[in-house]
Amino acid sequence: MSNSTGKYQVLARKYRPTKFSEVIGQDALVRVIENSFKSGRIAQAFILTGVRGVGKTTTARLLAKGMNCIGKDGTGTVTTEPCNECTHCIAIANGNHMDVLEMDAASRTGVNDIRELLETVQYQPNTARYKVYIIDEVHMLSRSAFNALLKTLEEPPEHVVFIFATTEIRMVPVTILSRCQRFDLRRIEPHVLIKHLQSIAEREGAQVDEDAMKLLVRAAEGSVRDGISLLDQAISFSTGHITAEVTRNMLGLVDKGRILDLVEVIFKGDAAGALEELKAQYNDGADPQTILMDLSETIHFLTVVKINAKTLDDPTLSPEEKTRGLELSSKLSFPVLHRAWQMLLKILQELSYSPDHIMAAEMAMIRLTHVAELPTPHEMVKKLSIQKDDQPATETGDPPIERISVEKVQAEIKESLPSAKSKEEGNIEKFSTDPKPELREPPVEKPNHTHDQKQQISKENPKQRGLKDNKLVASVFEAFPEAKLVK
Ligand SMILES: [Zn+2]
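Pasting the structure below:
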């Protein structure tokens, strides 16, 4: 883990690509740059965009090197495989080349900063082929700074090349963008990153278990830099052998298998079992908020798997996650998954003002198990239709309770909603999925109408009707809290 001088060097720096052939996961970009270098058609301004850690700054420096490298013998030309040995390559790598100027726009946003940077733009490069201006986080520049930059960009001197890097391409003015060759750096695919980290681990003499590697790559979220930094941490966290457990501890993660256990008991409607499993995970050191976040992540995972089983091809998934994920997703219906997702979002929001996270998580488990037991609107309508057709006598010998027909439930729901006046026939599905209750007509003219109708209905349906109806409507509202807004 140390370089030739014996000094410790972080892995992310040590394994930074020194030529384009070492750049991973950006094949399209590398190909385009190779072609333009070969044909000698080098743009005067580049803009590199992508999420953090995908290699924007690294690519910018590689471009600067490639444009200025003269080769070991001093006769080289523009290349995508800089020698890393000539004076230019070395100076650029050390960040002290006179003709390669770097500025971080995150800390220097003003027009004077840009003016200062561009002061020497008209002069020929001192020793290099090109004068390269690298501006990182270019979207942070002020408006007047952009204007000052634009002036130079409109007619740049031939020997000048600008390289901009940004995480927020939409914040860069179109006038700037239109003058740049744009490269979108992609997130690194998991299988590419796994291979890359594996080779680094080997070179570092560290043994990384397959599951541990999957966890690291998943946590890196497509960023090479994060991936290498996490590997670096894992190496110092362990004694040469990195297991999934070590990695989970380091990342503060809960075992995915245990989260799947929790999902299972919740959807069985087993509140006591869910509380027990939650407590066990908590006692093992898991943070309640993390558990809830992992739960929602798992709900999302199951829903996506249900839509497309190809999702399971993700190489960062463990075999257990694949088999259990497929099994669970086929058992659970979309409405149940959607409901759980909505509830978890709400619970996570509420967590910020809950006095105690474990308490809130416990309440969440109870709520989730209860909701898991509720029928979906579809099931409810089906059940009611069956009851309408087949009315059994009660065992107690009481007069049979009048069953409610689907039409009556719909009428009841329509009546409770101002939007019921719509010409279309309302139905339960429609009402339950209406996303914007606040856009409905204001309930100003409702009271009299509702009152009249209610009286009418109760005349038609004497005695027991009220109790049964209220229960049903209450369960509809419980399943769809948004409906409460318009009740
Ligand atoms: Zn060189």
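Note that my numbering has the sequence shown beginning at 54, numbered continuously upward.
Using N, Cα and C, we set each Cβ at its ideal position, and we do this for glycine too.
Do you know how far the Cα of residue j is from the Cα of residue i?
i, j, result
"ARG223", "GLY163", "19 Å"
"GLY280", "LYS436", "52 Å"
"PRO226", "PHE199", "8 Å"
"ILE439", "THR364", "38 Å"
"GLU255", "GLU87", "30 Å"
"ILE352", "GLN395", "10 Å"
"LYS309", "LYS359", "18 Å"
"PHE387", "THR356", "7 Å"
"SER74", "ASP152", "25 Å"
"LEU250", "ASP285", "10 Å"
"SER195", "GLN234", "22 Å"
"MET416", "VAL261", "39 Å"
"MET418", "ASN361", "28 Å"
"SER92", "HIS150", "26 Å"
"ILE229", "GLN79", "24 Å"
"PRO178", "GLY258", "44 Å"
"LEU331", "LEU283", "28 Å"
"ALA39", "LEU170", "Residue coverage of the chain in this structure runs from 54 to 540, which leaves residue 39 outside it and unanswerable."
"MET433", "GLU274", "41 Å"
"GLY124", "ASN147", "17 Å"
"TYR176", "HIS212", "9 Å"
"THR300", "ARG392", "32 Å"
"THR429", "VAL389", "7 Å"
"SER382", "THR343", "22 Å"
"ASP314", "GLN62", "42 Å"
"PRO496", "LYS321", "Bear in mind that the predicted position of PRO496 carries a pLDDT of just 48, short of 50, making it too unreliable to give a figure here."
"GLU460", "HIS431", "14 Å"
"LYS512", "ASN336", "Note that LYS512 has pLDDT 47, beneath the 50 cutoff, so the model's placement of it is unreliable and the number below is only indicative. Computed Cα separation, rounded: 58 Å."
"TYR183", "GLN97", "10 Å"
"LEU304", "ALA325", "29 Å"
"MET193", "ASP157", "9 Å"
Could you tell me how far apart the beta carbons of residue i and residue j are, in whole angstroms, since I believe they sit closer than 8 Å?
i, j, result
"ALA265", "VAL307", "Rounded, the Cβ-Cβ distance is 15 Å, inconsistent with contact."
"PRO368", "PRO243", "5 Å"
"THR422", "ASP323", "6 Å"
"ASN121", "HIS141", "4 Å"
"ALA65", "ARG278", "5 Å"
"GLY103", "ASP237", "6 Å"
"PHE99", "LEU116", "7 Å"
"VAL4", "ILE295", "Missing from the structure shown is residue 4; the chain here goes from 54 to 540 and no further."
"ILE312", "ALA425", "Incorrect: roughly 16 Å between the Cβ atoms, too far for contact."
"ILE216", "LEU101", "7 Å"
"ARG69", "THR133", "Going by Cβ atoms, the distance from ARG69 to THR133 rounds to 16 Å, so no, they are not a contact pair."
"ALA218", "ALA113", "6 Å"
"MET346", "LEU427", "At roughly 24 Å, the Cβ-Cβ gap does not stay under 8 Å, so MET346 and LEU427 are not in contact."
"ILE167", "ALA201", "5 Å"
"LYS118", "PRO135", "4 Å"
Can you find the residues in the same chain that come closer than 6 Å, C-beta to C-beta, to residue i, ignoring five residues on each side of it along the sequence?
i, result
"LYS375", "LEU365"
"SER349", "LEU397"
"GLU373", "GLY310"
"GLU155", "ILE187"
"SER407", "ALA413"
"LEU82", "PHE236"
"ASN137", "THR71"
"VAL131", "PHE90, MET120"
"LYS384", "none"
Within the same chain, show all residues whose beta-carbon is closer than 8 Å to that of residue i, passing over the 5 residues directly before and after it, in chain order.
i, result
"ILE247", "MET266, LYS267, VAL270, PRO368, THR369"
"GLU207", "ARG232"
"GLN276", "It is worth fixing the name first, because residue 276 is Ser in this sequence and not Gln. Cβ within range, chain order: VAL104, ARG105, GLY106, VAL107, ARG240, ILE241."
"ALA327", "LEU315, VAL318, ILE319, MET418, ILE419, LEU421, THR422"
"HIS556", "Here the chain covers residues 54 to 540 and nothing more, so residue 556 does not appear."
For residue i, which residues in the same chain have their Cβ closer than 7 Å to its Cβ, ignoring the five residues on either side in sequence?
i, result
"PHE354", "GLY378"
"THR205", "LEU171, VAL174"
"ILE77", "ILE241, VAL245, HIS249, VAL277"
- Task: Give every residue whose Cβ lies closer than 7 Å to any heavy atom of ligand 1, listed in chain order.
- Result: LYS118, CYS122, ILE123, GLY124, GLY129, PRO135, CYS136, ASN137, GLU138, CYS139, HIS141, CYS142
- Which runs of the alpha helix (DSSP H) spanning at least 4 residues fall entirely within the stretch 127-213, listed in chain order? 140-147, 164-171, 196-207
- Start-end ranges of the beta strand (DSSP E) lying completely within the stretch 218-263, minimum 3 residues: 234-237
- Query: Can you list the alpha helix (DSSP H) stretches of 4 or more residues lying completely in the stretch 315-390, in chain order?
  - Reply: 324-336, 341-360, 372-384
- Those runs of the beta strand (DSSP E) which lie wholly inside the stretch 72-133 and span at least 3 residues: 98-102
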